[in-house]
Amino acid sequence: MAKQRPVASVGPADQHNIIGAGSVVEGTLRGGGNVHIAGTINGNVEVEGRTVVMPGGVVDGELTSTSAEVGGHIKGQVTCRERLVLKPTAVVDGDIQTAKLVIEDGATFNGGCQMGAQAGASGADRKRRVIPAEQKEAA
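Put into structure tokens, the structure is as follows:
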């Protein structure tokens, strides 16, 4: 039987939460505030505000946020509803889904990318577009 990881919640949207260098969080980090990560998170990050992964910061799991700026290492899928910025020191090993993407010179990205207004939406918010077979064949 798999061991269930704990879930840590962070504060309101106007609150800034910092995972300091040398700190290690095991499990899901979830909340409505902004989060700055300089340490390591072994688990998913689900933030309604802005997430900043500082140089030296590591997320070993999925990152879901309204917007994010990455200067550290993410090992997992990244989903941003608004905008994702990969700084020169960023390394992302995983797929990206975001409305807007900025990749600065020097950033490393290994994975697939889906962009546009619907790309950053959660699965429940995403609308499916069905194309009839006869239209597919005509194209």
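Throughout, my numbering is defined as the position within the sequence shown, counted from one, plus 1. Every residue, glycine too, gets a C-beta built ideally from N, C-alpha and C.
### Given Glu70 as reference, the closest of Glu105, Thr41, Asn45 once Cα atoms are compared
Glu105
### Query
From Ile38 to Gln115, what distance separates their C-alpha atoms?
24 Å
### Query
Between which two residues does the beta strand (DSSP E) containing Ser1 stretch?
Any answer about residue 1 is impossible in this case: the structure gives the chain only from 2 up to 140.
### Query
DSSP three-state call for Thr32: helix, strand or coil?
Per the sequence presented here, residue 32 reads as Gly, with Thr not at that position. Strand, per DSSP.
### Residue(s) in a DSSP beta bridge with Asp94
Lys76, Asn111
### Given Gln78 as reference, the closest of Asp96, Glu27, Ser24 once Cα atoms are compared
Asp96
### Query
Whose C-beta lies closer than 6 Å to the C-beta of Glu27 among residues of the same chain, with five residues either side of it excluded?
Asn43
### Query
In or out: His17 buried (at least 16 other Cβ within 10 Å) or exposed?
exposed
### Task
Tell me whether the beta-carbon of Thr80 lies closer than 8 Å to the beta-carbon of Gly107.
no
### Query
Is it the case that the Cβ atoms of Val46 and Leu30 are separated by a distance below 8 Å?
yes
### Task
Indicate the three-state DSSP secondary structure (helix, strand or coil) for Gly124 in the structure shown.
For Gly124, the predicted structure reports a pLDDT of 47, less than 50, and the residue's modelled location is therefore unreliable. The matter cannot be settled from this model.
### Identity of the residue in Leu85, Val25, Pro56, Asp94 nearest Gly113 by Cα
Asp94
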